[in-house]
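There are 2 protein chains.
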Amino acid sequence: MKIKLQKASDIGPVVRAVRKAQRIRQDDMAGSIGVSENFLAKVEHGGGNAQWTKVFQVLEGLGIELVCDIPDDAEDFLAGYMRGGS
Amino acid sequence: MKIKLQKASDIGPVVRAVRKAQRIRQDDMAGSIGVSENFLAKVEHGGGNAQWTKVFQVLEGLGIELVCDIPDDAEDFLAGYMRGGS
DNA sequence: CATAAATCCTGACGAACGTAAGGATTTATT
DNA sequence: AATAAATCCTTACGTTCGTCAGGATTTATG
């Protein structure tokens with residue numbers, strides 16, 4: 343199921359829902375991901391202002407894929423950059 | 343065009359490509375988004391470890407949509423949370 | 001209602017971020 | 001090659017994050 347994030351805080355309910363679906367406590371989930379329980383709770387409430395890599399770490403741990411949709415104009419530029427080109 | 347982010351740093355080339363497609367300098371783009379030129383440059387090089395809301399701010403400014411794909415198990419939980427329910 | 005579990009909140013401290021300013025390096029233009 | 005433009009790289013400083021520890025509040029269970 344795909345969910346478009348319209349605000350930065352939209353990530354919160356997503357994280358919570360996926361965790362709940364796995365029937366795991368914040369405590370245990372945080373431990374298995376490698377973050378603090380406090381941090382995970384904050385993220386689930388809208389993220390406050392967490393760090394990009396840490397949020398990504400949580401999403402990875404929960405099996406949530408992150409996809410970005412870019413304008414078609416940028417396609418050519420991106421292809422160049424991803425092949426290690428200048 | 344949809345791009346799956348596999349590492350946190352994958353966001354860098356995406357941001358750069360979209361900016362380049364608009365033919366705007368880092369300087370001006372940073373100003374119009376409301377971040378520093380230094381910050382935008384860091385993000386384009388892999389993000390270092392920027393803050394979630396700031397990265398989101400940049401993506402918004404560039405017209406990049408962020409979508410997350412979650413397991414179907416979580417769908418029911420999410421629906422409940424998004425209606426403002428407990 | 002009573003008990004226990006899960007989640008949330010607060011304060012403090014070390015570590016990392018984001019900005020600004022200046023200069024260096026690379027890239028484009030003539 | 002020479003000039004100018006764009007990007008990148010430090011350094012320094014104030015702000016914010018992330019963790020830990022402890023307790024409070026909410027939610028589930030009998």
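These protein sequence lines map, in sequence, to chains A and B.
Note that the first sequence ends on residue 428 in the numbering used here; no numbers are left out.
Note that the second sequence ends on residue 428 in the numbering used here; no numbers are left out.
By construction, the Cβ of each residue, glycine as well, lies at the ideal position given by its N, Cα and C atoms.
Remember, predicted model here, so these are calculated numbers, not experimental data.
Can you name the start and end residues of the alpha helix (DSSP H) that residue i belongs to?
i: A/I412; result: A/I412 -> no alpha helix (DSSP H), and no H or E assigned at all.
i: A/I353; result: I353 to A363
Closest to residue i by C-alpha separation, out of the options, would be which residue?
i: B/E386; options: B/R358, B/A421, B/M343 and B/L420; result: B/R358
i: B/G376; options: B/L347, B/E402 and B/A421; result: B/E402
i: B/C410; options: A/S351, A/K349 and A/V356; result: A/V356
i: A/S374; options: A/K384, A/G389, A/A350 and A/L404; result: A/L404
i: A/I345; options: A/L420, A/E407 and A/G390; result: A/E407
i: B/Q399; options: A/A383, A/N391 and A/F419; result: A/N391
Alpha carbon to alpha carbon, how far is residue i from residue j?
i: B/K396; j: B/N380; result: 13 Å
i: B/I353; j: A/S351; result: 18 Å
i: A/M343; j: B/S378; result: 35 Å
Throw me the rounded Cβ distance for the residue i and residue j pair, which I believe falls under 8 Å.
i: A/W394; j: B/Q393; result: 7 Å
Considering just the uninterrupted stretch of the beta strand (DSSP E) at residue i, what are its terminal residues?
i: B/I375; result: Run containing B/I375: none in the beta strand (DSSP E); it sits in the alpha helix (DSSP H), Q368 to I375.
Cβ contact check for the region 367-374 of chain B and the region 368-382 of chain A: 3 or more pairs under 8 Å: no
Cβ contact (3+ pairs, closer than 8 Å) linking the region 407-415 of chain A and the region 345-363 of chain B: A contact exists between the region 407-415 of chain A and the region 345-363 of chain B.
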